[in-house]
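Structure first, then comments.
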Amino acid sequence: MKELKTPVRITIADGKKIDAVAMGTVGLKLIDGTSVTLSDVLYIPEVEGSLISVAKLAEKDVVAQFSKDKCVFRYGDATVMEAKRCGNLYKLKTVGDEVWHAATTSHKEPWAVVHARLGHIPYMRYEQLLTMADRVPRIADAPSDHVCAGCCMGKMREDNFSRSPEKTVKSAGVLDLIHSDVMGSMQTKTPGRCTYAVIFIDDFSRHVTVYFMKKKAGVLEKFKMFKADMENATGRKIKRIRSDNGGEYTGHSSRSTVQARHSS
Numbered sequence: 001m002k003e004l005k006t007p008v009r010i011t012i013a014d015g016k017k018i019d020a021v022a023m024g025t026v027g028l029k030l031i032d033g034t035s036v037t038l039s040d041v042l043y044i045p046e047v048e049g050s051l052i053s054v055a056k057l058a059e060k061d062v063v064a065q066f067s068k069d070k071c072v073f074r075y076g077d078a079t080v081m082e083a084k085r086c087g088n089l090y091k092l093k094t095v096g097d098e099v100w101h102a103a104t105t106s107h108k109e110p111w112a113v114v115h116a117r118l119g120h121i122p123y124m125r126y127e128q129l130l131t132m133a134d135r136v137p138r139i140a141d142a143p144s145d146h147v148c149a150g151c152c153m154g155k156m157r158e159d160n161f162s163r164s165p166e167k168t169v170k171s172a173g174v175l176d177l178i179h180s181d182v183m184g185s186m187q188t189k190t191p192g193r194c195t196y197a198v199i200f201i202d203d204f205s206r207h208v209t210v211y212f213m214k215k216k217a218g219v220l221e222k223f224k225m226f227k228a229d230m231e232n233a234t235g236r237k238i239k240r241i242r243s244d245n246g247g248e249y250t251g252h253s254s255r256s257t258v259q260a261r262h263s264s
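Read left to right, the sequence shown gives residues 1 to 264 (the UniProt record's numbering).
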């Protein structure tokens with residue numbers, strides 16, 4: 001159901017005027033297995049039962065044939081549905097005596113739930129979305145005091161390397177000097193279940209490459225990938241690697257793989 005910006009005023013049998021506050025599409029699942037979809041259905045909170053307008057069905061070329069014990073609705077030569085007489089009313093027997101909705105209902109969710117379902121959308125964008133699209137989930141509470149842990153973690157960042165002139169190495173060309181560092185283990189895992197990352201920064205171009213790893217021992221394998229990709233792309237060889245004293249490039253097997261001068 002879609003909420004109406006302006007309620008529709010309805011006059012009922014006793015002359016009382018009540019408001020329809022939403023309009024949408026609903027489906028009726030009958031006991032014989034037939035499913036019927038009704039469009040432009042009005043939702044009126046003050047009315048407990050569900051009423052079908054024979055006049056509206058007639059506008060859709062549906063013919064209603066009344067007898068003393070039932071009413072048969074036909075569209076062309078086909079019988080669409082059949083209502084049994086109960087007192088002075090004709091009632092459609094639905095499965096479970098309930099209407100199943102073919103569209104969203106007016107049920108409201110907490111802002112935290114809607115915020116997450118819509119991809120952590122800011123509240124201001126959510127308000128804009130309400131004016132741009134139908135069937136946007138409605139919220140049941142104000143988001144003023146809501147703090148999203150996922151959004152906070154997503155905005156965190158590591159401190160930058162120092163940019164002071166005396167600490168900035170001036171290399172002559174690409175791959176002359178590569179800065180490298182390893183981060184981890186990180187508390188939050190990536191979708192690929194990785195908790196470590198190794199970063200390579202070319203001193204000359206400032207080109208940054210990051211690889212994610214499940215174990216810290218994967219640094220050397222990632223360096224092989226980085227070395228092959230960069231040297232093939234540039235036609236140059238890596239001359240020097242600068243890192244901290246973590247030991248990733250200081251072992252015998254590491255030195256034979258790196259084939260470049262290492263400094264800490």
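In this text, a Cβ means the ideal position worked out from N, Cα and C, and glycines have one as well. The structure displayed is predicted, hence computed values, not measured ones.
{"Query": "Quick check: what's the CA-CA separation for Lys-216 versus Val-182?", "Result": "8 angstroms"}
{"Query": "Hey, how far is the Cα of Asn-232 from the Cα of Ser-185?", "Result": "31 angstroms"}
{"Query": "Do you know offhand how far Lys-17's Cα is from Thr-190's?", "Result": "58 angstroms"}
{"Query": "State the Cα-Cα distance for the pair Ile-10 and Asn-88, rounded to the nearest angstrom.", "Result": "22 angstroms"}
{"Query": "Quick one: give me the first and last residue of the beta strand (DSSP E) that Thr-34 is part of.", "Result": "Careful: Thr-34 lies outside any beta strand (DSSP E) and carries neither H nor E."}
{"Query": "Alpha carbon to alpha carbon, how far is Ser-180 from Ile-201? Give it in angstroms, no decimals.", "Result": "6 angstroms"}
{"Query": "Looking only at C-alpha atoms, which of Ala-78, Ile-12, Lys-70 sits nearest to Glu-48?", "Result": "Ile-12"}
{"Query": "Smallest Cα separation from Ile-199: which of Asp-176, Val-147, Ser-243?", "Result": "Ser-243"}
{"Query": "Have a look at Thr-94, Ala-140, Gln-128, Lys-93 and flag the residue whose alpha-carbon is nearest the alpha-carbon of Val-114.", "Result": "Ala-140"}
{"Query": "Report the option in Thr-94, Arg-135, Gly-76 whose CA atom is closest to the CA atom of Val-36.", "Result": "Thr-94"}
{"Query": "Could you tell me the distance, in whole angstroms, from the CA atom of Glu-109 to the CA atom of Pro-137?", "Result": "7 angstroms"}
{"Query": "Relative to the C-alpha of Thr-76, which candidate in Arg-85, Lys-84, Lys-91, Leu-57 has its C-alpha closest?", "Result": "The residue asked about is misnamed: residue 76 is Gly in this sequence, not Thr. Selected option, being the one with the closest Cα: Leu-57."}
{"Query": "What are the start and end residues of the alpha helix (DSSP H) that includes Phe-226?", "Result": "219-234"}
{"Query": "For Lys-84, does the three-state DSSP call read helix, strand or coil?", "Result": "strand"}
{"Query": "Helix, strand or coil for His-179 per DSSP?", "Result": "strand"}
{"Query": "Considering Gln-187, what are the terminal residues of the beta strand (DSSP E) in which it resides?", "Result": "Note, Gln-187: premise wrong, no beta strand (DSSP E); not H, not E."}
{"Query": "If we ignore side chains and look at the alpha-carbon of each, how far apart do Gly-24 and Asp-61 end up?", "Result": "20 angstroms"}
{"Query": "Which residues in the same chain have their Cβ closer than 7 angstroms to the Cβ of Val-208, if we skip the five residues on either side of it in sequence?", "Result": "Ile-199, Ile-201"}
{"Query": "For Glu-3, report the span of its beta strand (DSSP E) as first-last.", "Result": "2-11"}
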